[in-house]
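Residues in the sequence shown are numbered from 7 upward in steps of one, following the working numbering. Structure first, commentary second.
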Amino acid sequence: MSNPDTNQWLLECYERPIELCRKLTSYFKGATAGQIYDHLTFHGLYSYPTKPAKQVVSELQRLQAWDIVQKEIKLLRKEWQGPQIPTFILPAHSTKSGLAFNDKLFIFLPPDCSESEIKAVVTHEYHHVCRLSRFFQNESDYTLLDAIVLEGLAEHAVRERLGSQLVAGWTNWYTASQLEEFWETLFFPNRQLPKSSWAHEHLVNGTAGNPRMAGYAVGYFLVGRYMKSSGLTTAGLLGVSAEQMVKKLS
7 MSNPDTNQWL
17 LECYERPIEL
27 CRKLTSYFKG
37 ATAGQIYDHL
47 TFHGLYSYPT
57 KPAKQVVSEL
67 QRLQAWDIVQ
77 KEIKLLRKEW
87 QGPQIPTFIL
97 PAHSTKSGLA
107 FNDKLFIFLP
117 PDCSESEIKA
127 VVTHEYHHVC
137 RLSRFFQNES
147 DYTLLDAIVL
157 EGLAEHAVRE
167 RLGSQLVAGW
177 TNWYTASQLE
187 EFWETLFFPN
197 RQLPKSSWAH
207 EHLVNGTAGN
217 PRMAGYAVGY
227 FLVGRYMKSS
237 GLTTAGLLGV
247 SAEQMVKKLS
């Protein structure tokens, strides 16, 4: 499966991001270009043009973004026995980010992103793709517990491959005792919340009065404990359910 030529898409449609998203409708069953735009911009896609299209493409080319991403995914597919999926490289609204599905991947990059940072976001997001493709056919199927373990596993994959210096800052925001408290009071009681629940995203991302990025941080903490007790790597944990990990630790 060849990757879409987002380079050319940007030259044609960068100034009209909803038109750009119209090119994605065949990848999102039943979704309109506007709905896709809303979803992608919420997760880090640029929302409006800030410079000429040629400059945007030139900046991504200077990063060698397409080459780095394709090379990393090729390595990760072999290491994790992952699926071959279309990957879309597009400009970020601000910082690097991504959005993973079981059948496609989006990488959003700013013009000042380093090669190591590109590798980190690709590692994190492609780990999501591998786990989602094994466990969930529909995004709506997974629970709050599934979501935080998904995030924790992906960031431990970054640590394993690229070193602690490239993991996200939220991995060090809280002490172990704080994370234990978050788990016991916020996440364990709500662990079966479906993704469709309004509280799900607020807990994962730390909005609506919840501790900032708490779901990510608790997931990283739980996965780290399980890795230590089991001796498994993140590759070995791709097929282990979130429920199994928590049961072993409880």
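Ideal Cβ positions, reconstructed from N, Cα and C, are used throughout, including at glycine.
DSSP has residue i in a bridge; who is on the other side?
{"i": "residue 4", "result": "This structure gives no information on residue 4, because the portion of the chain shown stretches from 7 to 256."}
{"i": "residue 51", "result": "98"}
{"i": "residue 38", "result": "Residue 38 is not bridged to any residue."}
{"i": "residue 149", "result": "200"}
Do residue j and residue i come within 9 angstroms of each other at the CB atom, strictly closer than that value?
{"i": "residue 74", "j": "residue 131", "result": "no"}
{"i": "residue 113", "j": "residue 93", "result": "yes"}
{"i": "residue 16", "j": "residue 97", "result": "yes"}
{"i": "residue 95", "j": "residue 12", "result": "yes"}
{"i": "residue 244", "j": "residue 165", "result": "no"}
{"i": "residue 149", "j": "residue 248", "result": "yes"}
{"i": "residue 262", "j": "residue 127", "result": "Residue 262 falls outside the range modelled here, since the chain spans only 7 to 256, and no answer is possible."}
{"i": "residue 220", "j": "residue 229", "result": "no"}
Secondary structure at residue i, three-state DSSP: helix, strand or coil?
{"i": "residue 95", "result": "strand"}
{"i": "residue 129", "result": "helix"}
{"i": "residue 117", "result": "coil"}
{"i": "residue 200", "result": "strand"}
{"i": "residue 235", "result": "helix"}
{"i": "residue 189", "result": "helix"}
{"i": "residue 184", "result": "helix"}
{"i": "residue 32", "result": "helix"}
{"i": "residue 44", "result": "helix"}
Can you grab the Cα-Cα spacing for the pair residue i / residue j, in whole Å?
{"i": "residue 77", "j": "residue 54", "result": "29 angstroms"}
{"i": "residue 116", "j": "residue 57", "result": "13 angstroms"}
{"i": "residue 81", "j": "residue 91", "result": "14 angstroms"}
{"i": "residue 159", "j": "residue 174", "result": "13 angstroms"}
{"i": "residue 138", "j": "residue 60", "result": "35 angstroms"}
{"i": "residue 99", "j": "residue 47", "result": "8 angstroms"}
{"i": "residue 167", "j": "residue 29", "result": "34 angstroms"}
{"i": "residue 147", "j": "residue 35", "result": "17 angstroms"}
{"i": "residue 133", "j": "residue 240", "result": "9 angstroms"}
{"i": "residue 191", "j": "residue 9", "result": "43 angstroms"}
{"i": "residue 193", "j": "residue 119", "result": "33 angstroms"}
{"i": "residue 129", "j": "residue 195", "result": "30 angstroms"}
Kindly indicate the opening and closing residues of the alpha helix (DSSP H) around residue i.
{"i": "residue 23", "result": "23-28"}
{"i": "residue 174", "result": "Premise fails: residue 174 is in no alpha helix (DSSP H) and is neither H nor E."}
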